[in-house]
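Going left to right, the sequence shown walks through residues 1 to 396 as this note's numbering numbers them. Here the structure is laid out as structure tokens; the discussion comes afterwards.
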Amino acid sequence: MRNRVFVIGVGMTKFEKPGRRDGWDYPDMARESGTKALQDAGISYDLIEQAFVGYVYGESTSGQRAVYELGLTGIPVVNVNNNCSTGSTALYLAAQSIKGGLAQCALALGFEKMQPGSLGSTFDDRAHPMAAHMEAMAEISEVLFPPAPWMFGAAGREHMQQYGSTPEHFAKIGYKNHLHSVNNPYAQFQESYSLEDILSARMIYDPLTKLQCSPTSDGSGAAILASEEFVDKHGLAEQAVEIVGQAMTTDYQNTFDGTCKALIGYHMNVAAAQSVYEQSALGPEDFQVIELHDCFSANELLLYEALGLCAEGEAAKLIDVGDTTYGGRWVVNPSGGLISKGHPLGATGLAQCAELTWQLRGDADKRQVDGVTAVLQHNIGLGGAAVVTAYQRAER
Numbered sequence: 001m002r003n004r005v006f007v008i009g010v011g012m013t014k015f016e017k018p019g020r021r022d023g024w025d026y027p028d029m030a031r032e033s034g035t036k037a038l039q040d041a042g043i044s045y046d047l048i049e050q051a052f053v054g055y056v057y058g059e060s061t062s063g064q065r066a067v068y069e070l071g072l073t074g075i076p077v078v079n080v081n082n083n084c085s086t087g088s089t090a091l092y093l094a095a096q097s098i099k100g101g102l103a104q105c106a107l108a109l110g111f112e113k114m115q116p117g118s119l120g121s122t123f124d125d126r127a128h129p130m131a132a133h134m135e136a137m138a139e140i141s142e143v144l145f146p147p148a149p150w151m152f153g154a155a156g157r158e159h160m161q162q163y164g165s166t167p168e169h170f171a172k173i174g175y176k177n178h179l180h181s182v183n184n185p186y187a188q189f190q191e192s193y194s195l196e197d198i199l200s201a202r203m204i205y206d207p208l209t210k211l212q213c214s215p216t217s218d219g220s221g222a223a224i225l226a227s228e229e230f231v232d233k234h235g236l237a238e239q240a241v242e243i244v245g246q247a248m249t250t251d252y253q254n255t256f257d258g259t260c261k262a263l264i265g266y267h268m269n270v271a272a273a274q275s276v277y278e279q280s281a282l283g284p285e286d287f288q289v290i291e292l293h294d295c296f297s298a299n300e301l302l303l304y305e306a307l308g309l310c311a312e313g314e315a316a317k318l319i320d321v322g323d324t325t326y327g328g329r330w331v332v333n334p335s336g337g338l339i340s341k342g343h344p345l346g347a348t349g350l351a352q353c354a355e356l357t358w359q360l361r362g363d364a365d366k367r368q369v370d371g372v373t374a375v376l377q378h379n380i381g382l383g384g385a386a387v388v389t390a391y392q393r394a395e396r
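Now the structure itself:
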């Protein structure tokens with residue numbers, strides 16, 4: 001029998017343009033997000049039994065250096081790197097430790113201190129982990145560097161050709177997420193733009209303009225997870241949020257089925273979502289808020305279909321009728337998403353967890369969605385790993 005898993009505390013820093021805060025290093029980020037999570041949980045660091053710390057760019061044991069800002073208690077600290085899904089992978093590992101009875105209370109923390117500009121490879125003297133994906137993409141799409149906007153943009157073009165979606169549909173996603181971020185004090189950008197602004201911004205890879213692409217960011221997020229026994233012992237049920245379903249998937253053989261959407265993780269996303277729906281006995285119609293991996297607007301559109309919000313080919317219809325924003329069937333990325341909140345790779349999944357925890361508690365301030373009873377999180381890293389998590393309030 002597996003133990004129930006609860007989120008009892010969350011915290012994050014404001015996401016910033018790289019280098020904007022002078023002298024703001026990753027230990028400072030971790031101290032800020034971790035301290036907020038501990039304060040939110042109302043516990044001290046010495047109750048944490050294991051820590052899982054995620055980052056993509058950094059030296060070995062940076063995870064230890066980060067959490068040493070919170071305390072030196074000799075606990076196991078596991079360093080985690082899973083590309084853009086690093087933060088949710090740390091969350092997944094912390095949840096596994098609670099679920100398996102290995103710990104009563106665990107910390108998942110993620111951070112990133114990034115360089116300005118497009119992402120590049122660090123080690124050029126060995127096989128690139130995305131080489132097979134990029135080679136397969138090059139066989140079906142014109143090649144452009146850097147790889148990320150090319151691969152996601154190509155998947156967007158494929159959807160346009162197959163189902164008739166238009167550049168305006170992708171732009172409307174950028175418009176929505178920038179508009180949502182105006183009410184998020186943690187967001188890197190808090191400025192709304194007109195649809196024309198989005199469409200006329202600098203083209204990165206047609207149909208994706210700059211205002212439809214996530215930026216590089218500095219920042220950190222943290223979540224404290226606990227068992228049912230720990231929640232009861234410390235009287236935390238009123239604030240606790242239960243993880244009622246969680247799945248991680250990696251690439252399947254059909255990743256290389258000859259389509260662009262498969263190469264950016266479509267089949268991983270479908271499988272992870274279906275597993276979570278089975279675990280939780282919830283379906284897409286049962287969620288009110290969704291935080292998903294909109295690294296590019298094309299990915300958000302494809303995720304509407306992968307997560308089962310609509311049938312394949314019908315994502316544009318959801319956008320046209322406003323079903324993914326306030327007043328619609330779901331509010332997708334009330335935080336502003338990666339496009340506007342920012343995307344410090346190791347922190348993204350934990351920032352999503354924080355936003356959804358606040359939404360379930362009714363603590364999301366101007367972003368608060370009415371009547372929230374269940375929420376869904378999706379985070380993906382190419383190469384590849386997809387993590388999907390469903391949450392409900394503990395008392396439910």
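By construction, the Cβ of each residue, glycine as well, lies at the ideal position given by its N, Cα and C atoms. Just so it is clear, the structure is predicted and the values come from calculations on it, not from any experiment.
Non-local beta-carbon contacts of residue 63 in its own chain, meaning distances under 6 Å to residues more than five positions away in sequence, involve 53, 77 and 79 in chain order. Bridge partners of residue 106 according to DSSP: 50 and 225. Residue 8 sits close to residue 226, with the two beta carbons spaced by under 7 Å. From the listed residues 242, 267, 296 and 101, the smallest Cα separation to residue 308 is found for 267. Each of 163, 14, 49 and 21 was checked against the Cα of residue 36, and the nearest Cα belongs to 14. Residue 286 sits close to residue 374, with the two beta carbons spaced by under 7 Å.
Look at residue 361 here: in three-state DSSP terms it is helix. From the listed residues 40, 240, 34 and 56, the smallest Cα separation to residue 68 is found for 34.
Closest in alpha carbon position to residue 255, among 133, 345 and 357, is 133. Residue 6: not part of any alpha helix (DSSP H); member of the beta strand (DSSP E) spanning 5-12, first to last residue. Contact check for residue 241 against residue 390 fails: the beta carbons are separated by 7 Å or more.
Contact annotation, residue 364 with residue 243: C-beta distance approximately 19 Å; criterion of less than 8 Å not satisfied. In terms of Cβ geometry, residue 272 and residue 108 do not form a close pair [threshold 7 Å].
Distances from the alpha-carbon of residue 22 to those of 293, 104, 315 and 218 put 218 closest. CA-CA distance, residue 298 to residue 165, rounds to 10 Å.
Assignment of residue 254 by DSSP, reduced to helix, strand and coil, places it in the helix class. Here residue 111 is actually not in contact with residue 223; their C-beta atoms are around 13 Å apart, not less than 8 Å. Of the residues 208, 186 and 142, the one whose Cα lies closest to the Cα of residue 171 is 208. Put simply, of 51, 321, 350 and 6 the residue whose alpha carbon is nearest the alpha carbon of residue 41 is 6.
In this structure, the straight-line span from the alpha carbon of residue 340 to that of residue 301 is close to 16 Å.
As the crow flies, the alpha-carbon of residue 295 is around 14 Å from that of residue 335. Of all alpha-carbon atoms in 206, 281, 388 and 344, the one lying nearest the alpha-carbon of residue 83 is that of 344. Nearest C-alpha to residue 187 among 39, 103, 392 and 17: 17. Residue 388 and residue 246 have their alpha carbons spaced roughly 6 Å apart. Taking the Cα positions, residue 289 is about 17 Å away from residue 10. Boundaries for residue 184: no beta strand (DSSP E) harbours it, and the DSSP string shows neither H nor E there. Rounded to the nearest whole angstrom, the CA to CA distance from residue 356 to residue 116 is 28 Å. In terms of CA proximity to residue 378, 87 leads the group 87, 102, 342 and 239.
Under the three-state reduction of DSSP output, residue 312 falls in the coil class, being neither helix nor strand.
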